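J.: One structure, as structure tokens, below. Some questions next.
2 protein chains.
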Amino acid sequence: MKLGGIEAGGTKFVLAIGDEYGGIFEKTVIPTEHPEITVPKVIAFFEGKGIERLGLGGFGPIDINQNSKSYGQIQNTPKTDWVGYPLGAALKDSLGVEVVIDTDVNVAAMSEAKWGNAKDVDSCLYITVGTGIGAGAYFHGQTLKGLSHPEMGHIKVARHPDDTYKGTCPYHYDCLEGIAAGPSLEKRWGKKGHELAENDKVWEMEAFYLAQALTNYIYILSPERIIMGGGVMKQQQLFPLVRHKVLEMLNEYVSSPHLTEAEIDQYIVPPGLTDEAGIKGALYLAAT
Amino acid sequence: MKLGGIEAGGTKFVLAIGDEYGGIFEKTVIPTEHPEITVPKVIAFFEGKGIERLGLGGFGPIDINQNSKSYGQIQNTPKTDWVGYPLGAALKDSLGVEVVIDTDVNVAAMSEAKWGNAKDVDSCLYITVGTGIGAGAYFHGQTLKGLSHPEMGHIKVARHPDDTYKGTCPYHYDCLEGIAAGPSLEKRWGKKGHELAENDKVWEMEAFYLAQALTNYIYILSPERIIMGGGVMKQQQLFPLVRHKVLEMLNEYVSSPHLTEAEIDQYIVPPGLTDEAGIKGALYLAAT
């Protein structure tokens, strides 16, 4: 089936024509600006391409309840230009095709489960650590949603004893996203993440926060694999630090061979689809 | 179908003969002692009753992976007599029927979704606050499990500024269970929970911890309803305190009419099946 996919992120939109098997025939990337600038560009990309359906993995909060009147509408977000914008309806009306909507991280979890680093298991969690922090989960054939979609980046974490930075989140200050996403690194340390690569203290603190979150996700969801993506996770030195701290925090409470020094490097892993987890997931979503 | 059900808790085992529609024909309660004392009593209750299958909702950690060699075996628990005990296999071998196993809180969530206070929605979370703290979830027809089962009572929470009590959890000290389950109330304040009913400070602190946990569960799982049971929740004054603090902590970040002062008393609720959620869930589980 010829499908359209959109990975609508906070800084960029990835647009693609492809199929439900992970094939991508055409792809482009545009910046996330005001919806009146960005959305016409999205429509122009897909118009006349003959797509049968469109899948959208969007930044949240976004209404993903198919029975809701505001399905596909952006909700309260620090990106104020987008609050209340009916993204799903705008695309459906202009392109005349069914638009299926889930969160960007839910569709990334789904495509990692289909084709990436979780294809051998029945459940996984995908977390992105970048401009923001979000996570999605795929369990036994379904993405996780209920009252709304999860907002796993906004959980409260205990503060590192040496951290005096108040946090960036306009809703909670020092929730996980407020204290561990890319912008908080830059504001706390005065430099961008990639300029801090050699400063061990930075990554020890970052791992302390991320490991707390992962430990909570393990206690609450018990996924069979955790995939960590996003710009901050390009700092590969974070992986062993996070894995080590997760084991330390769990303190052997959860019995699983994967939660041991011997196997945790196969449990907490980078994305198998590198930067294409989101867009391939959006294409797969279109066919559901 | 004539079914057997067991709600295996940390202080008592509830045993019942019933059916998959919530019917209970016969029921008894025995204390949780050493497995060599308790298990023969369980077998004696079911023997000769003609049950076709047996469902067991057990205290955790317990292996609930049907493909595992140790399916139904109790894992690391502070109840050391039970560590490594093959509860599922012992029952199957003695009674000659299939034994289906999940956690006590997962089956409680399932039966509240079938017949109790979540029967009008597709997902719910059930948390028990008593001798320990555990929570289970039921989403779109399945209980939540993956690598293992969730251990939601062991999440880390931020300490109340006035709390100097170190916590009771042998694995994590001041995780949620270590700092907010019944035994921690008694040790911190020097009296049992029901003797502290008039002390507002006790319940303000307890609500602070429970609301943190619920806020995390909402961010991570987004259940359509939260049901709070267990001995500590018999203190009805906790409900409005917890609801209020959850709204305060969410700070309007999650858009839902249920997460407002007007509707939260229909979102965070006591069990509809009072004390029978676990045993009815175990019976239903037997038929799955």
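The listed protein sequences correspond, in order, to chains A and B. If you read the first sequence in our numbering, its first letter stands for residue 766, the second for the next number, and so on. If you read the second sequence in our numbering, its first letter stands for residue 766, the second for the next number, and so on. Where a beta carbon is used, it is the ideal one built from N, C-alpha and C, also for glycine. Treat the numbers as computed from the prediction; the structure is a model and nothing was measured.
#1: Tell me which residue opens and which closes the beta strand (DSSP E) that residue 781/B is part of.
#2: Examine the Cβ distances between the stretch 766–773 of chain A and the stretch 795–815 of chain A and report whether three or more of them are shorter than 8 Å.
#3: Verify the CB distance criterion: does residue 993/A have a CB-CB separation below 8 Å to chain B?
#4: So what does DSSP say about residue 874/B, is it helix, strand or coil?
#5: Out of 830/B, 864/B and 778/B, which one is the CA nearest neighbour of residue 1049/B?
#6: Select from 935/A, 877/A and 1039/A the residue whose C-alpha is nearest the C-alpha of residue 907/A.
#7: Assuming residue 868/B and residue 901/B are in contact, meaning their beta carbons sit under 8 Å apart, how far apart are those beta carbons, in whole angstroms?
#8: Restricting to Cα atoms, I'd like to know which of 821/B, 836/B, 879/B and 849/B is closest to residue 787/B.
#9: Three or more C-beta pairs closer than 8 Å, one from the stretch 881–901 of chain A and one from the stretch 987–1001 of chain A: is that the case here?
#10: Mind checking the stretch 904–922 of chain A against chain B and listing, in chain order, the residues whose C-beta falls within less than 9 Å of any C-beta there?
#11: By DSSP, does residue 856/B sit in helix, in strand, or in coil?
#12: Does any residue of chain B bring its CB to less than 8 Å from the CB of residue 893/A?
#13: Would you kindly check if the distance between the Cβ of residue 890/B and the Cβ of residue 874/B is under 8 Å?
#14: How is the beta strand (DSSP E) around residue 893/A delimited, first residue to last?
#15: Take residue 950/A and list the residues in its own chain whose beta-carbon comes closer than 6 Å to its own, dropping the five residues that flank it on each side.
#16: Ends of the beta strand (DSSP E) at residue 863/B?
#17: Exposed or buried, what is residue 838/A when buried is set at 16 or more other beta-carbons lying within 10 Å of its beta-carbon?
#18: Apply the 10 Å Cβ neighbour rule to residue 1025/A and answer buried if 16 or more other Cβ atoms are within range, or exposed otherwise.
#19: Would you decide whether residue 964/A is buried or exposed? Buried here means 16 or more other CB atoms lie within 10 Å of its CB.
#20: Where does residue 753/A land, buried or exposed, given buried means 16+ other C-beta within 10 angstroms?
#21: Taking Cβ-Cβ distances shorter than 9 Å, what residues in chain B pair up with residue 985/A?
#22: Excluding the 5 residues flanking residue 841/A on each side, which residues of the same chain have their C-beta closer than 7 Å to its C-beta?
#23: For residue 796/A, decide whether its Cβ has a neighbour in chain B, counting only Cβ atoms nearer than 8 Å.
#24: Measuring from the CB of residue 823/B, is there a heavy atom of the ligand FAD at a distance below 7 Å?
#25: Could you work out which residues of chain B lie near residue 989/A, taking near to mean beta carbons separated by less than 8 Å?
#26: Between residue 960/A and residue 1006/A, which are expected to be in contact by the criterion C-beta below 8 Å, what is the C-beta distance as a whole number of angstroms?
#27: For residue 1012/B, which three-state DSSP category applies?
#28: Rounded to the nearest angstrom, how far is the Cβ of residue 974/B from that of residue 925/B, given a contact under 8 Å?
#29: Within 8 Å of any Cβ in chain B, is that where the Cβ of residue 826/A sits?
#30: State yes or no: is the beta carbon of residue 1018/A nearer than 8 Å to at least one beta carbon in chain B?
#31: Less than 8 Å between CB atoms is the rule here; does residue 859/A satisfy it with respect to chain B?
#32: Need the endpoints of the alpha helix (DSSP H) that residue 1039/A sits in, please.
#33: Just to confirm, is the Cβ distance from residue 1038/A to residue 1011/A under 8 Å?
#34: If we define contact as Cβ-Cβ less than 8 Å, is residue 977/A a contact residue for chain B?
#35: Please report the residue range of the beta strand (DSSP E) in which residue 794/B lies.
#36: How about residue 981/B and residue 832/A: do their beta carbons lie closer than 8 Å?
T.: This is what the structure gives:
#1: Here residue 781/B is taken as the residue at index 16 of the second sequence, counted from 1. Counting along the chain, the beta strand (DSSP E) containing residue 781/B begins and ends at 777–783.
#2: yes
#3: Along the first sequence, one-based indexing puts residue 993/A at 228. Chain B contact via Cβ: absent.
#4: Locating residue 874/B in the second sequence gives position 109, where the first residue counts as 1. The answer is helix: DSSP assigns residue 874/B an H, G or I state.
#5: Numbered from 1 along the second sequence, position 284 holds the residue referred to as residue 1049/B. That would be 864/B, whose Cα lies nearest to the Cα of residue 1049/B.
#6: Within the first sequence, numbered from 1, the residue matching residue 907/A stands at position 142. Closest in alpha carbon position to residue 907/A, among 935/A, 877/A and 1039/A, is 877/A.
#7: In the second sequence, the residue the question calls residue 868/B occupies position 103. In the second sequence, the residue the question calls residue 901/B occupies position 136. The pair is a contact, with the Cβ atoms about 6 Å apart (cut-off 8 Å).
#8: Mapped onto the second sequence, residue 787/B falls at position 22. Closest option to residue 787/B, Cα to Cα, is 879/B.
#9: The stretch 881–901 of chain A is in contact with the stretch 987–1001 of chain A.
#10: 904, 905, 907, 909, 910, 911, 912, 913, 914, 915, 916, 917, 918, 919, 920, 921 and 922
#11: Here residue 856/B refers to the residue found at position 91 of the second sequence. Helix at residue 856/B.
#12: One-based indexing of the first sequence puts residue 893/A at position 128. Not one chain B Cβ lies under 8 Å of residue 893/A.
#13: Against the second sequence, residue 874/B aligns to sequence position 109. Against the second sequence, residue 890/B aligns to sequence position 125. Less than 8 Å separates the beta-carbon of residue 874/B from that of residue 890/B.
#14: One-based indexing of the first sequence puts residue 893/A at position 128. That run of the beta strand (DSSP E) goes 888–894.
#15: As a working note, residue 950/A is residue 185 in the first sequence. Once the five neighbours on either side are set aside, the close Cβ partners of residue 950/A are 958.
#16: As a position in the second sequence, residue 863/B is number 98, starting the count at 1. That run of the beta strand (DSSP E) goes 863–868.
#17: Here the question's residue 838/A lines up with position 73 in the first sequence. The residue in question, residue 838/A, is buried, as its Cβ has 16 or more Cβ neighbours within 10 Å.
#18: As a working note, residue 1025/A is residue 260 in the first sequence. Classification of residue 1025/A: exposed, given that the 10 Å Cβ count is below 16.
#19: Here residue 964/A refers to the residue found at position 199 of the first sequence. Burial call: exposed.
#20: What is shown of chain A runs 766 to 1053, which leaves residue 753/A out entirely.
#21: As a position in the first sequence, residue 985/A is number 220, starting the count at 1. Within chain B, the residues near residue 985/A are 900, 902, 909, 915, 916, 917, 920, 981, 982, 985 and 986.
#22: Reading the first sequence from its first residue, position 76 is the one you call residue 841/A. Cβ contact annotation for residue 841/A (same chain, cutoff 7 Å, sequence separation greater than five): 826 and 848, in chain order.
#23: Along the first sequence, one-based indexing puts residue 796/A at 31. So no, residue 796/A is outside the interface.
#24: You won't find the ligand FAD in this model; it holds no ligand whatsoever.
#25: For the purposes of this step, residue 989/A is identified with residue 224 of the first sequence, where counting begins at 1. The answer, in chain order, is 911 and 912.
#26: Residue mapping note: residue 960/A aligns to position 195 of the first sequence, counting from 1. Residue mapping note: residue 1006/A aligns to position 241 of the first sequence, counting from 1. In fact, because the Cβ distance is near 18 Å, the residues do not count as touching under 8 Å.
#27: The count along the second sequence starts at 1 and reaches residue 1012/B at position 247. DSSP, read as helix, strand or coil, puts residue 1012/B in helix.
#28: If you number the second sequence from 1, residue 974/B lands on position 209. If you number the second sequence from 1, residue 925/B lands on position 160. About 7 Å; that satisfies the 8 Å criterion.
#29: Residue numbering aside, residue 826/A sits at position 61 when the first sequence is read from its first letter. Judged by the 8 Å Cβ criterion, residue 826/A is in contact with chain B.
#30: What you label residue 1018/A is simply residue 253 of the first sequence in a count that begins at 1. A Cβ of chain B is located within less than 8 Å of the beta carbon of residue 1018/A.
#31: Here residue 859/A refers to the residue found at position 94 when the first sequence is read from its first residue. Answer no: the Cβ-Cβ gap between residue 859/A and chain B never drops below 8 Å.
#32: Position 274 of the first sequence, counted from the start, is the residue given in the question as residue 1039/A. Counting along the chain, residue 1039/A falls outside any alpha helix (DSSP H), and DSSP gives it neither H nor E.
#33: Taking the first residue of the first sequence as 1, we reach residue 1038/A at position 273. Taking the first residue of the first sequence as 1, we reach residue 1011/A at position 246. The answer is no: Cβ separation not under 8 Å.
#34: One-based indexing of the first sequence puts residue 977/A at position 212. Chain B, which has a Cβ nearer than 8 Å to the Cβ of residue 977/A, makes this yes.
#35: Against the second sequence, residue 794/B aligns to sequence position 29. Per DSSP, residue 794/B belongs to the beta strand (DSSP E) from 789–796.
#36: As a position in the second sequence, residue 981/B is number 216, starting the count at 1. As a position in the first sequence, residue 832/A is number 67, starting the count at 1. Against a cut-off of 8 Å, the Cβ pair of residue 832/A and residue 981/B comes out as no contact.
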